[in-house]
Amino acid sequence: MLALLWGSSFLWMKLALGSLAPLQISLVRTFFGAAVLFVVLATARMTLPRDRRVWGHMLFVALFGSAVPFTLFAFGGQTVDSGVSGVLNSTTPLFALAIGLVLGTEKISNLVRLLGLGLGFAGVLLIFAPWQAGNSIASWGAVLCLVGAASYAVGYSYAGRYLVGTGATSTQLAAMQLTTAMGMLVLALPFGGLEPPHLHWVGVVAVTVLGVFGTGVAFILNYRVIADEGATTATTVGYLLPVVSVLLGAIFLGEQLNARVVAGMLVVLLGVALTRRRAVPAGQDVSPNETRDLVKR
């Protein structure tokens with residue numbers, strides 16, 4: 042379910058681009074997503090936390106975990122196939138590990154993880170193939186998607202460190218994040234989101250599904266993955282996401298991936314798998330928080 046929700050978001054985003062500008066898509070999806078979450082909160086008779094410290098941390102998470110990547114992937118989707126967008130999104134755990142190494146919150150416990158990090162970024166290089174003149178994938182759109190993946194890593198690594206264990210539920214945190222991101226996107230509209238939309242039923246349905254299911258429902262599950270899920274489940278979702286995005290793009294949009302891009306995707310996933318290798322003593326389970334950097338969008 043998680044892989045389907047996250048993996049299909051690139052298809053819905055691509056379809057929505059026929060009716061709305063990238064910034065408009067980001068704003069509308071956060072609106073519908075937040076609406077779903079507030080319905081859930083109202084049903085459970087819960088309100089948003091009032092802790093200023095939590096809201097302060099949420100400003101950072103909403104910016105890098107929602108507003109920026111939502112917009113970058115929407116802009117990137119104008120020139121990049123939805124399947125490729127999903128593949129580039131799968132690099133988020135690699136960026137999370139790299140960021141953790143720089144900040145000192147992650148350590149290379151064995152050479153296998155270091156090899157995985159190198160392989161993962163080698164796979165990205167294979168996908169971009171900058172040595173091939175006229176390669177359509179090596180475009181600014183693909184670069185924006187890659188920066189969006191890095192932004193997700195920043196946002197959710199920060200969330201796992203400062204928001205898990207605050208006493209707020211996953212639904213409350215998700216509602217806070219989307220509400221804050223929505224405010225940021227409203228402020229950004231004058232910079233590219235005020236043009237009249239060209240509404241068509243396909244685009245309207247796509248952005249609605251993207252907001253309700255790919256954002257609202259997914260964000261609830263997103264925080265549960267950060268706080269509750271073990272390594273096996275979270276890792277499986279990460280591997281399935283690009284596969285889902287590629288399959289949906291091929292089936293519904295007629296997208297075609299050449300052998301080089303497919304090979305690059307497999308190398309990226311192998312790299313991600315190797316970075317998951319940890320030296321865990323026999324009989325000891327991997328703690329849930331060790332997988333907090335696996336979440337995606």
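Numbering (our numbering), first residue to last: 42 to 338.
Idealized CB from N, CA, C, for every residue including glycine.
Using a Cβ distance threshold of 8 Å, determine whether the stretch 95-114 contacts the stretch 135-154, with at least three qualifying pairs required.
No, they do not touch.
Are residue 61 and residue 243 closer than 9 Å when you measure CB to CB?
Not closer than 9 Å, so no.
Counting only runs of 4+ residues fully inside the stretch 108-157, write out the alpha helix (DSSP H) ranges in chain order.
The qualifying runs are 109-117, 123-130 and 133-144.
Output needed for residue 192: all residues of its chain with C-beta closer than 8 Å, excluding positions within five of it in sequence on either side, in chain order.
Hits under 8 Å: 105, 106, 109, 110 and 113.
When you compare only the Cα positions, how much space is there between residue 101 and residue 204?
Each residue's Cα considered, the two are about 11 Å apart.
So residue 46 is in the alpha helix (DSSP H); what residue range does that whole segment cover?
Note, residue 46: alpha helix (DSSP H), 43-57.
Closest by CA to residue 132, which one among 116, 117, 194 and 89?
Cα-wise, what sits closest to residue 132 is 194.
Could you compute how far the alpha carbon of residue 125 sits from the alpha carbon of residue 232?
The straight-line gap from Cα to Cα measures roughly 27 Å.
So the alpha helix (DSSP H) residue 182 belongs to, where does it begin and stop?
Element bounds for residue 182: 181-203.
Excluding the 5 residues flanking residue 157 on each side, which residues of the same chain have their C-beta closer than 6 Å to its C-beta?
Excluding residues within five positions, the ones whose Cβ falls inside 6 Å are 312, 315 and 316.
Could you check how far apart the C-beta atoms of residue 47 and residue 259 are, in whole angstroms? I think they sit under 8 Å.
Indeed, because the Cβ distance is near 6 Å, the residues count as touching under 8 Å.
Count the other CB atoms, across all protein chains shown, that sit within 10 Å of the CB of residue 297; report buried if there are 16 or more and exposed otherwise.
With fewer than 16 Cβ atoms within 10 Å of its Cβ, residue 297 is classed as exposed.
Can we say the stretch 287-304 touches the stretch 134-146, given the rule of at least three CB pairs closer than 8 Å?
The stretch 287-304, when compared against the stretch 134-146, does not touch it at the 8 Å Cβ threshold.
Within the same chain, show all residues whose beta-carbon is closer than 7 Å to that of residue 44, passing over the 5 residues directly before and after it, in chain order.
Here the set comprises 278, 281, 282 and 285.
Closer than 6 Å by C-beta to residue 310: which residues in its own chain qualify, once you throw out the five before and the five after it? Chain order, please.
Excluding positions up to five away in sequence, the list reads 280.
Closer than 8 Å to a non-hydrogen atom of the ligand ADP - does that hold for the CB of residue 220?
Here there are no bound small molecules, and the ligand ADP is not part of this structure.
Taking all protein chains shown into account, decide if residue 299 is buried (16 or more other Cβ within 10 angstroms of its Cβ) or exposed.
When all chains shown are included, residue 299 counts as exposed.
What is the residue span of the alpha helix (DSSP H) that residue 68 lies within?
Note, residue 68: alpha helix (DSSP H), 63-84.
Does the Cβ-Cβ distance between residue 391 and residue 129 come in under 9 Å?
Outside the displayed span of the chain (42 to 338) sits residue 391, for which this structure offers no information.
Is it true that the CB of residue 78 sits closer than 9 Å to the CB of residue 212?
Contact flag set, yes.
Using DSSP with H/G/I as helix, E/B as strand and the rest coil, what is residue 288?
If DSSP states are grouped into helix, strand and coil, residue 288 belongs with the helices.
How many whole angstroms separate the CB atoms of residue 64 and residue 234, which I take to be in contact at a CB cut-off of 8 Å?
With 8 Å as the limit, residue 64 and residue 234 qualify as a contact, their Cβ atoms being about 3 Å apart.
How is residue 211 classed by DSSP in three states: helix, strand or coil?
Helix.
Write down the C-beta distance between residue 68 and residue 226 rounded to the nearest angstrom, noting that I regard them as a contact closer than 8 Å.
Contact flag correct, Cβ pair sits at about 4 Å.
Along the alpha helix (DSSP H) that carries residue 101, what are the first and last residues, could you check?
93-103 is the extent of the alpha helix (DSSP H) around residue 101.
How many whole angstroms separate the CB atoms of residue 53 and residue 255, which I take to be in contact at a CB cut-off of 8 Å?
About 6 Å separates the two Cβ atoms, so the contact holds.
Quick one, are the C-beta atoms of residue 51 and residue 118 less than 9 Å apart?
Result yes, Cβ atoms of residue 51 and residue 118 sit closer than 9 Å.
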